[in-house]
Each structure stands twice: as structure tokens, then as C-alpha cells.
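Residues in the sequence shown are numbered consecutively from 332, following this note's numbering.
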Amino acid sequence: MSSVSRRLHGALVAVSIAALLSAANAVAQESPPPPPSHAGSDTPDAGADAGASEVPPGLTAEEMAEIQKAFGGDTQQGVPSSTSAAPDGKPGGALPLSIPGAGSGTNFLDLSFILDIAAAGFSSKEPLQGGAHDPTRNGFNLQQLELSIGSVVDPYFRFDANIVYSQFGVEIEEAYGTTLALPHSLQVRAGQFLTRFGRMNATHPHSWDFVDQPFAFSRVFGAEGNRGLGVELSWLTPLPWFVEVTGSATDATGEATARSFLGASGDRVLSPLDLQLTGVVKQFFPLSDDLSLMWGLSAATGPNPTGYRNRTDIYGTDLYLRYRPITEASDTLLTFQVEALYRRRQVPDDVLTDYNGYAQLAWRFSQRWATAARYELGTAAHGKGGEVVTDPLDPEWTQNRNRVSANLTYWPTEFSRLRLQAARDRAGWRDEADYSVFLALELVTGAHGAHAF
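Laid out in C-alpha cells, this is it:
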């Protein structure tokens, strides 16, 4: 081996070890930010890692060029090689080496796209689907294309956002920051977010067991569920069992997000009483190694536009029972979920009340297959005397409505899902029951966090 070859071989080994050590160090701790560049400076920009292109002692420029070529520096992300000649004939320009983990903070930005589409058939010309992501017409339906973004901003905050694309436009569904370092088990969220009322409201379609959302939420809160701009404080109590207490204050406007409150009235906020206030208590009980229970209580209050100081109060309870054998090898997952909502609304010369809710059972009986059944009920509005009255929000809702749905789900992988669903919807104010059938496809690409329990 010639002296030049030996020197090249030794240099390659040295640079390889340095690159591996740099990668390990970048994983173990966050890389410090690069020093700011100075306008008019003759030195290369700090963001270009100019130090990496310097020729180590004992090597010629030609030998360094060979090392850079061996490490693929001449094809890094389509940038011209640092071995290409500059105007003065010397090597220079682009990043010569790519060291894993040594990039900017954007490497830690989690991005994912979630596509939900469905072919639907309805027996009625005017289906009663109320959710914004529900299939609503015969033929093909784009339920949503969701862009999910998440990242730790710094040691104190995390940022999350969900941006929904539809055939009719783009919508910021959620965009909020969450604290990471508050004392005493406290945490704050600020921005636009789905409130934690109940269990279903705070979730997105890709985490539902059914193609459509229960009609209780579109009737009480609106097509998009209950959300708004505001602030939320949660506290994990130091009790012997899991108890989390959450309170939030959000805008009470929006036909699709705060229907039972100010809705589409456009009323201005003149005092804290014009905001929606929500309180939630969640308790978790590990009944055994295989069986666990989550129980929640929720309440929301806010103004409504029917008169001066008229208010709406909504109370809810939710129960989630989950059985998954972990003491033996099994793909079985059995869940039972119940949620009930009671709404009380002040209107001129009366107080309207109604009940809405659902119960569902889901059984994943193998790694790729699951089935589920759901029953929903909504009552007509009643006045102070107990008689059925006309509700200004839903004047046609003069009798009870119930819906029964069943589906079969197949996962080709954990990143795709096919669902076949059928339902019978019986609204008392219609002459006949409505029937529907959906065939839905869901595709997930990119990084996406685990769903909440």
C-alpha cells in the first residue's frame, strides 16, 4: 500500500469514528444552536457548517476531496458537491458530510396525513347525518384529509395542530400549545382546541370505531364538535388512584362548534359570563391486569342568544370499559363505551331540556379483524311542565330518534383500515326509517402519536 493510500485509509477511519461519535452525542443531548451569521463577513455562513469543510492537518486538498467523495458529500440532498471548483479554483461551497442527528430542530417535527373517504348509499333523499366528517350523500364522500403536526418547541412548550382539507376549503381544526414544565402536576393548553367534554368530543375520526360520529354531538354541540379559542388548565391530583381535573374557558360562538351556546349569532364577548366554561373530572381504575375502567363527569355552561342573560347548561357522564388479555398471548380487545348528555336551555318564558346519548360495543377478535355495534337515542325537547315543545334549534325534532349501527373492520396494516357499516335510523317525525350503508377507506402516512386510552 502506498503512503498516500495509507494516509487516505487512516483519514477515512478517523473521520468515520468522528461521525459516529457526533451522531451518538447528538442523540444523547440536543445540539446547541449555530452562532448567528454576520452580514458582510468573508467567512462561510455558520449554518453551512463551514468547519466541516476545512482540511485536517496532514492532508492535502485532493486527499480531503477523496474522503468527501467516499462519504457521499457530492450528492447530499441534491446540493452541489463541496469538491466542485469555486471561482478561485479551490474546493468549497456545500456541506461535505451528513452526520445523523446533527441537523436543525425541524428534524423533530412530526408530520402525518390521514385520508378518510367513503362510498355511501342512503334510502332517504335527505339523510339525517349531522357530523361534518360524516358521509352525507349517495356516492363517494371525502370525509377529510387531515394534516397532523406536532413538535416539542423547547423544554417548556409543545405545539400541536390539526389542519383539515376538504373539497370546499381548508380549516384549522386545532392549533395549541401545551406546557411541559409546570409544578404540582399542572398543565396548561392555550390556542384553539376541542374541549375535553365527555370522551368522544376530543377525538378525531381516525380514532373512532365507526365511520360517523354519534348524532348526540352534532345536535348538542354542532357538526364539528365542541371547540374554540381559549385556555385550559388540568391538574393530576395526588390521590391514590388516577384522578384528573380539567377546566377551560373558550369562545362560545360558532354554529358548528358551539351550537347550544351563542352559535352563529355573532354576539360579542362583554364579560367572562359570555365565555363557555367547561369542567371535567376523569377517574381511572385498573380492575385487574386485563380489565380497566375510565369514568368521567363533564359540565359546560355558557350564554345563548335567546334573551338577556339566558344560558345553556350541559351535563354529561361517560364510561369506558376495556378488556385486553396481557397475561396470555391474545389479539382480543373488547371495549364497552357509554356516554349520556343532558341539556338545559333557557328560552323566553320557558326552559327546554332533552337527553342524548349512545352505547357501543367493539370487539377486535383477531389481529386484522374487528366488529362493533352502537345504539343511539335522542329525546324531543320538553318544557318546564314536562310537555313536548318546539325547539328553535331543531323545530322538526318533536319526537324521539334512535339509530342502530353495526360494522366490520379490516386492517391490512396498522396504517390502513377498511370498514363496512350499515345503520337503521328511526326519527319519530318521519314516516319511515332511514337506512344507510358505508364502505370507508382510511390511510395514514407519516408520524402519528398513539391514541389516548
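Built from N, CA and C at the ideal position, the CB exists for glycine as well.
TODO: Alpha carbon to alpha carbon, how far is E457 from Y741? Give it in angstroms, no decimals.
DONE: 30 Å
- [ ] Determine the extent of the alpha helix (DSSP H) in which A547 is found, giving its start and end residues.
- [x] 546-551
TODO: Could you tell me if V613 is buried or exposed, where buried requires 16 or more neighbouring beta carbons within 10 angstroms of its beta carbon?
DONE: What sits at residue 613 in the sequence shown is Lys, not Val. Classification of K613: buried, given that the 10 Å Cβ count is 16 or more.
Task: Beta carbon of F769 nearer than 7 Å to that of A492 - done: no
Task: Own chain residues within Cβ distance below 7 Å of T497, not counting five before or after - done: With the sequence shown as reference, residue 497 is identified as Ser, and Thr is not the correct amino acid for it. Hits under 7 Å: L473, Q475.
Open item on the list: For I657, which residues in the same chain have their Cβ closer than 8 Å to its Cβ, ignoring the five residues on either side in sequence?
Closed with: D620, D621
Open item on the list: If the criterion is Cβ atoms closer than 7 Å, does the pair S443 and A690 meet it?
Closed with: no
TODO: Count the other CB atoms, across all protein chains shown, that sit within 10 Å of the CB of F471; report buried if there are 16 or more and exposed otherwise.
DONE: exposed
Task: Beta carbon of G638 nearer than 7 Å to that of P571 - done: no
Task: Where M395 sits in the DSSP three-state scheme - done: helix
Task: C-alpha distance - D380 paired with H515, whole-angstrom precision - done: For D380, the predicted model reports a pLDDT of 43, less than 50, meaning its position is unreliable; a value from the coordinates is still stated below. D380 and H515: Cα-Cα distance of roughly 42 Å.
Task: Endpoints, the beta strand (DSSP E) within which R520 is located - done: 517-525
Open item on the list: If distances are taken between C-alpha atoms only, which option among L708, F490, Q523, G610 comes closest to R550?
Closed with: L708
Task: the stretch 563-580 in contact with the stretch 537-546 per 3-pair CB rule at 8 Å - done: no
TODO: Determine, using beta carbons only, whether L672 and P634 come nearer to each other than 7 Å.
DONE: no
Task: Distance, L650 Cα to Q788 Cα - done: Since the first residue of the chain shown is 332 and the last is 784, residue 788 is not available in this structure.
Task: Secondary structure of D644, DSSP reduced to three states - done: strand
TODO: Taking V569 as the reference, give the member of L517, A521, T534 with the closest Cα.
DONE: Correcting the residue type first, residue 569 is Pro in the shown sequence and not Val. It is L517 whose Cα lies nearest to the Cα of P569.
Task: Top-ranked residue by Cα proximity to F548, from V484, Q460, T584 - done: Q460
- [ ] Compute the Euclidean distance between the alpha carbons of A764 and P603, then round it to the nearest angstrom.
- [x] 44 Å
- [ ] With distances taken Cα to Cα, identify the nearest neighbour of Y654 among L618, G647, A712, P636.
- [x] L618
Task: Distance between beta carbons of E477 and V501, contact taken as under 8 Å - done: Not quite, the Cβ-Cβ distance comes to about 11 Å (not below 8 Å), so this is no contact.
Task: Span separating the alpha-carbon of F696 from that of T721 - done: 45 Å
TODO: Tell me, to the nearest whole angstrom, how far the beta carbon of V519 is from that of L513; I am working on the premise that it is less than 8 Å.
DONE: 7 Å
TODO: Out of A589, K715, A595, A693, state which residue places its alpha-carbon closest to the alpha-carbon of L608.
DONE: A589
Task: Secondary structure of F696, DSSP reduced to three states - done: coil
Task: Which of helix, strand or coil DSSP assigns to P536 - done: helix
TODO: Could you check what DSSP says for P636 in three-state terms: helix, strand or coil?
DONE: coil
Open item on the list: Please classify P545 as buried or exposed, where buried requires at least 16 neighbouring CB atoms within 10 angstroms.
Closed with: buried
Task: Alpha carbon of W728 to alpha carbon of L440, nearest angstrom - done: 46 Å
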